[in-house]
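In this text, residue positions in the sequence shown follow this note's numbering: the first is 7, and each later residue adds one. As structure tokens, the structure follows; a few thoughts come after it.
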Amino acid sequence: MTETDVEKLKLMVVDDEPDNLELLYRTFRRDFQVYKANHAMKALEILDKEGEMAVIISDQRMPEMNGTEFLSLTVERFPDTIRILLTGFTDVEDLVDAINSGQVFKYITKPWKPDRLKEIVEQAADTYQLVKKRTQELRRALRRESLFNAVTTAIRESLDYSSMLEKIVATIGQSFKTSYCLLRPVESNCLTADEFSYLDPQITYSCEFFDASSLIEQVLETRHYQHSLYNNNDNPCYQLAVPLIYQQHLLAVLALYETGRDQPWQDEDIQLITGVAEQAALALSQAKLYQRLQEKQQQIRAELEIARQIQNNLLRQSLPDIKGAKVQARCYPAREVGGDFFEVFVHPKGDLWLAVGDVSGKGVPAALFMASAISVLRRELSQETPAMPNMVIQNLNKALGDDLISSNCFITLILARYTPSTRELVYANAGHIYPLLWSRETDTDNPQYLKIRSIPLGILPKWQADFGQLFLAPKDILLFTSDGITEAMVTKKSYAVQNSVNGFKSNHRSMLHLDGLWQLLQQETQPLSLNHLLARIQADNNIQEDDQTILSLEVF
């Protein structure tokens, strides 16, 4: 990193303690453009004025707005910014919230070690620069893909070979906003007599103004793009000619002209045009390509269907009969395969183990981690004397943590051990949605949630947390769900008073949330039917946005 401020990355430090703020400023002022703010509102004002920061370091506990809340406000406006959270305490709930809503890169406990903090900030800066580079590459790729799609679409609309060539030259000419575009077909390495051209309607010159012969001949000889500049009546004209080659066969030569340019063709423009030319050459044989694509898609669908069946078979196809209790479980992936899973395991000594997990992301990557998690979990539960639920989760994190961290994934998991003879329930929660406990015998307006919880798997090298313990009573219902259930969009009724006599009701759509699930649960008949409950939840969702998993334990 150079000493000039122009080339320095921007870094913001936010802390309400003046000594800490000054220390952070002095630590990084040589390598960054450092901006200081002693509270969150001041930091937001700086962001409004200065724009995106490469790195933001924020204290957690501040007046008016804490660090997690402040960082969450920057996510949508500055998605590429790397966020670091300083905390003087270890609050699991705040940590989970920071990871989920604030997209925190690292959290550091106070007092910090200066060398360690510098190392983390350097990592953050490197990550930011990599993200920006990838973003630029993505934008170029999206532009490239857009042009490719335009050319391909134009070709598919053509009825014959001649109209196909006309579509190619017109689409490329319009897409690149050229003054003139000429396409000369090639057969047996020789130009044909045919010519297809596009002229910008705003150009007043005739086609004879653009002389393509010399550049096209060079492309025929070299099979490589050529570009040049010539003046016509003191009017500069930049020329570019590219070959259209498919499977080592030269199919045509495309020449582009632009007048009034301030500079010659840039390498990026040339690479993009040659790439589009390659796509156009491919499009000339679109019928065969389309047929192969269809066959490939059918193969992929078949393979995904097999993967779906395999994943479905990993889940328990039949649930055990438990004396004095009933277990139900349902899992519906949003795609062919997904990251949600459940486990129902009866230990030979009589304990019933229940679990619901959710791997971050969707599709095949999440499904692979889901399969690994189930495998390791069953291994742990099959021990002669399984450990407590929190220790089982700790072992699970030890087995999968490195792979999860390197893949930038995590797993939320709720695991419980139920002993039918004593009705004792012992559970541990790794960042998962709170389990919902409801008793038909208790007349209460508030749901009961099991709120002992720690962070997800794959966040820290070592996972540790306490377990929760309680005793269930007859007619108690315990629900484990994934966020695909609680975040499902449902229609809710709202009432407003119009006058003292008449009222009206209206419907609105919103997320179900745990409170909404509890309200639906209260309306269910006895014994509970998960199929009926899910049917009510899914009634208003034509498109399933996320994997949906729900597991119930009903005590008789």
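Quick reminder that beta carbons are idealized off the backbone N, C-alpha and C, glycines included.
Decide if residue i is buried, meaning its Cβ has at least 16 other Cβ atoms within 10 Å, or exposed.
i    : result
V503 : Reliability fails at V503, whose pLDDT of 40 lies under 50, so the model's placement of it is uncertain and no value is given.
Y231 : buried
K294 : Residue placement at K294 cannot be trusted, given a pLDDT of 45 that sits under 50; what the coordinates show is reported in the next sentence. It counts as exposed.
V81  : exposed
K173 : buried
Y186 : buried
S194 : exposed
P249 : buried
Q92  : Sequence check: residue 92 is Leu here, not Gln. By the neighbour-count rule (16 or more Cβ atoms within 10 Å), L92 is buried.
D21  : buried
S500 : Summary for S500: the model assigns pLDDT 43, below 50, so the residue's position carries little reliability, and this model does not support an answer.
Y167 : exposed
P395 : buried
M517 : exposed
N525 : The sequence shown places Gln at residue 525, not Asn. That one is exposed.
K139 : exposed
N508 : Only weak support exists for where N508 lies, its pLDDT of 49 falling under 50; the value from the coordinates is given anyway. Looking at its Cβ environment, which holds fewer than 16 other Cβ atoms inside 10 Å, N508 is exposed.
K368 : buried
From residue i to residue j, what distance separates their C-alpha atoms?
i    : j    : result
L15  : Y134 : 9 Å
D472 : V398 : 12 Å
D132 : N401 : 32 Å
K42  : S488 : 41 Å
T159 : E223 : 30 Å
K457 : I420 : 11 Å
D552 : G345 : 10 Å
L523 : A434 : 21 Å
A340 : A494 : 12 Å
K302 : A379 : 31 Å
S203 : C243 : 17 Å
T492 : K48  : 36 Å
L226 : I306 : 40 Å
L549 : R515 : For clarity, residue 549 is Ile in the given sequence; the question names Leu instead. Answer to the nearest angstrom: the Cα atoms are 14 Å apart.
Y113 : E151 : 38 Å
P354 : L442 : 27 Å
I251 : A258 : 7 Å
I543 : E13  : 54 Å
T555 : E430 : 24 Å
Can you check which of these residues, the options, is closest to residue i by C-alpha distance?
i    : options                   : result
T141 : V192, S169, F84 and L153  : F84
Q254 : A287, E530 and R150       : A287
D86  : A176, P326 and L77        : L77
R336 : D275, G363 and Y455       : G363
K332 : D37, A308 and L557        : L557
I328 : P191, C187, P426 and A176 : P426
L559 : K481, A46 and I549        : K481
I439 : V365, I222, G369 and K116 : V365
T448 : N537, I420, L456 and L478 : L478
L235 : A247, R229 and L226       : A247
F34  : L91, E56, G57 and L123    : L123
P392 : R307, V19, G356 and G369  : G356
C415 : P462, R384 and D451       : P462
D25  : M47, K468 and D65         : D65
V561 : L534, E70 and T210        : L534
S220 : L260, M18, N547 and L321  : L260
E309 : I209, S460 and E342       : E342
G437 : T280, E143, V19 and L466  : L466
S324 : G330, F351, Q300 and Q304 : F351
K55  : L431, M18 and Q554        : M18
R322 : L27, A377, G369 and W444  : A377
R146 : I279, A199 and Q129       : I279
V110 : E128, I63 and L148        : I63
M71  : L50, C196 and Q285        : L50
Pull up the DSSP beta-bridge partners for residue i, would you.
i    : result
Y31  : According to DSSP, which records beta bridges pairwise, Y31 is partnered with nothing at all.
W2   : Residue coverage of the chain in this structure runs from 7 to 562, which leaves residue 2 outside it and unanswerable.
K6   : What is shown of the chain runs 7 to 562, which leaves residue 6 out entirely.
A361 : E349 and L421
H233 : L246
T265 : C243
K42  : V19
T555 : C337
Y433 : A422 and G474
R65  : Checking the sequence shown, residue 65 turns out to be Asp, not Arg. According to DSSP, D65 bridges with L92.
M517 : M495
F202 : L189
Cβ of residue i within 7 Å of any heavy atom in the ligand ADP?
i   : result
E58 : Annotation note on the ligand ADP: not contained in the displayed structure, which lists no ligands.
Practice problem: Evaluate contact between the segment 274-290 and the segment 174-188, counting only Cβ atoms and requiring at least three cross-stretch pairs below 8 Å. | Solution: Yes: at least three Cβ pairs fall under 8 Å.
Quiz item: Taking contact to mean at least 3 C-beta pairs separated by less than 8 Å, is the segment 373-391 in contact with the segment 311-330?
Solution: Yes, they touch.
Quiz item: Okay, do the segment 407-414 and the segment 482-490 touch, 3+ Cβ pairs below 8 Å being the bar?
Solution: No, because fewer than three Cβ pairs between the segment 407-414 and the segment 482-490 fall closer than 8 Å, the two stretches do not touch.
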